[in-house]
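Here the sequence shown stands for residues 1008 to 1412, numbered as in our numbering.
Idealized CB from N, CA, C, for every residue including glycine.
One structure is given here, and the rest of the page talks about it.
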Amino acid sequence: MKLAYLYFTTLTAAIAFLLLSAFNMNEKIIKEEGNNLVIKFSHSVHKDLTDCKTCHSAITASTSLKDRLFPNHDNCGECHAVDDESECKTCHYEDKYEPLIQTESNLHFNHKFHIEDKGLECESCHKGISEVDYSMSAVQPKPIMEDCYGCHNNITVASNACEGCHISNANLIPQTHKSVSFMQTHKFDARTFDANCVMCHNNVSNSCEECHEATNVITEMNTPDDFYQPYVPRQFSDGPKKQQIARVHEFNYRFTHGIDSKGKTSECQSCHEVETFCGSCHQSEGGDFALGGIIPASHLKSGFFTIGVGSGGGEHAILAKRDIERCVSCHDVQGADPTCITCHLDSDGIKGTNPKTHASNFMRDNFGDWHSSQGSICYNCHTSQSPLSLRGLGFCGYCHGADIN
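Okay, here's the thing in structure tokens:
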């Protein structure tokens, strides 16, 4: 009796396992294949009978990917006898009359602007869709970033600012960059013929030189003890590495190096860090180098500063975005208020009245420390508010709108 009970229990468990596996497999298939299990359709059949906009009529007026962009019953009714119930099986599977699944998007996109105003064809982005039945089978059903970069490259047509397309900029990092060994292996990706690094790292020289710079390789402090003279026995068989003394500059170079530095800054940085090496002599007791009359040649060019909302800030804004540490190496090294706050200060709490510093939607989806801490770095510039302020007013209203409930 016990043996029969054991067999029965084992058989029941096996059947339950198989049923559960089948259910999960079916659910997985539906999730992966999507609308081809909801309706019968072929783009390749329809391409010679009509155009995309006839079926996807909402596209021509759509300004957001949140709009319903699939064809509706009325669109199909332009050609099909949708009122004849005997014809339902032409498109619908038996006893399956579910709405098409439209996935959510985390991008900004205006179909009306690109199609109606700019005259782009649908297959410019949705490549190969006219050659297949279901869009998911196309070579490229949705545009990849390389396609967008053809126009959005800051050179030919449009800006490539992240916030122009991406709803949130937080953690906007490709999956390949998140691997533990990416810093050691990214060179293999960068060497491929189709490397697309410049889509995000549009200033390659600056992006690469943050790591690939000779001054980051030299670990010695460059004191007399770190060098040895040629042909002198070296006493470091198991000790620290030393550098050979070699004359690179003339003896009076200390007094003439300024001439070279204006035209050969990149060469100087091969060995010398501005923040440490230059700062050892070029320091200002008053807190700001500019007060002492020491101003880089780039700062004297026309358009280095442009003042006013919407002006872009001029060349100094570009340089600050590239390497803010270079700015800090000269400006207010004694700990005084940052030079930037002279202009970049939000004292009135009115959006749009001060020079733009952050990208649109900056950190909007993050619950930052400015919500709870008066010591948040945000309040260095946004001086009109605090964590105790009403959420719909001033600086807080930039994200929370007029809702003060």
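Helix, strand or coil at Leu1114 according to DSSP, with G and I counted as helix: Assigned with DSSP and collapsed to three states, Leu1114 falls in strand.
message: For the pair the region 1086-1096 and the region 1116-1133, tell me if three or more CB-CB distances fall below 8 Å.
response: no
Cβ separation of Val1187 and His1050, assumed to be a contact under 8 Å, to the nearest whole Å: 42 Å between Cβ atoms; not a contact.
- request: For Gln1392, count neighbouring C-beta atoms within 10 Å of its own C-beta (all shown protein chains included) and say buried if the count is 16 or more, exposed if not.
  value: buried
- prompt: What residues are listed by DSSP as bridge partners for His1099?
  reply: The beta-bridge partner set that DSSP reports for His1099 consists of Ile1046.
task: Pick helix, strand or coil for Lys1328, following the three-state DSSP scheme.
output: helix
field: Nearest to Thr1364 (by Cα), restricted to the options Lys1185, Ala1324, Pro1394, Ser1305
entry: Ala1324
query: Does the beta-carbon of Cys1059 have 16 or more other beta-carbons within 10 angstroms, so that it is buried, or is it exposed?
result: buried
query: Pick from Glu1105, Pro1078, His1063, Thr1067: whose alpha carbon is nearest that of Gly1041?
result: Glu1105
query: What are the start and end residues of the alpha helix (DSSP H) that includes Phe1189?
result: 1189-1197
Euclidean distance between Cα positions of Glu1094 and His1118: 33 Å
message: Going by DSSP in three states, Gly1293 sits in which element: helix, strand or coil?
response: Reliability of the predicted coordinates at Gly1293 is poor, the pLDDT of 49 falling under 50, and no value is obtained from them.
field: Continuous alpha helix (DSSP H) stretch holding Met1206: start and end
entry: Note, Met1206: premise wrong, no alpha helix (DSSP H); not H, not E.
query: Can you list, in chain order, the residues of its chain whose CB lies under 6 Å from that of Tyr1141, leaving out five sequence neighbours each side?
result: Asn1043
message: What does the Cβ neighbour count give for Gly1382, buried or exposed, with the cut at 16 atoms within 10 Å?
response: exposed
Nearest to His1317 (by Cα), restricted to the options Cys1278, Lys1308, Asn1361, Cys1406: According to the sequence provided, residue 1317 is Gly. The question's His does not apply to it. For the residues Cys1278, Lys1308, Asn1361, Cys1406, the minimum Cα distance to Gly1317 belongs to Asn1361.
task: Quick one: give me the first and last residue of the alpha helix (DSSP H) that Thr1061 is part of.
output: If you look at Thr1061, you'll find it in the alpha helix (DSSP H) that goes 1059-1062.
query: Can you check whether the CB of Met1206 is closer than 9 Å to the CB of Glu1123?
result: Their beta carbons are not under 9 Å apart, which means Glu1123 does not touch Met1206 by this criterion.
- prompt: Beta carbon of Phe1369, beta carbon of Asn1113: below 9 Å?
  reply: no
message: Rounded to the nearest angstrom, what separates Ala1165 and Ile1151 at their Cα positions?
response: 16 Å
query: Ends of the alpha helix (DSSP H) at Gly1375?
result: For Gly1375, there is no enclosing alpha helix (DSSP H), as DSSP marks it with neither H nor E.
message: Give me the residue from Ile1162, Phe1262, Ala1168 with the minimum Cα distance to Cys1288.
response: Phe1262
query: With 16 as the cutoff for other CB atoms within 10 Å, does Pro1181 come out buried or exposed?
result: exposed
message: Spatial neighbours of Cys1350 within its chain, please: C-beta separation below 6 Å, excluding the five flanking residues on both sides.
response: Answer for Cys1350: Pro1362, listed in chain order.
- prompt: Where does His1306 fall in DSSP's three states?
  reply: helix
- prompt: In whole angstroms, what separates the C-alpha of Asp1245 from that of Lys1194?
  reply: Low confidence applies to Asp1245: its pLDDT is 49, below 50, so where it sits in the model is not reliable, and the reading given next is rough at best. Computed Cα separation, rounded: 32 Å.
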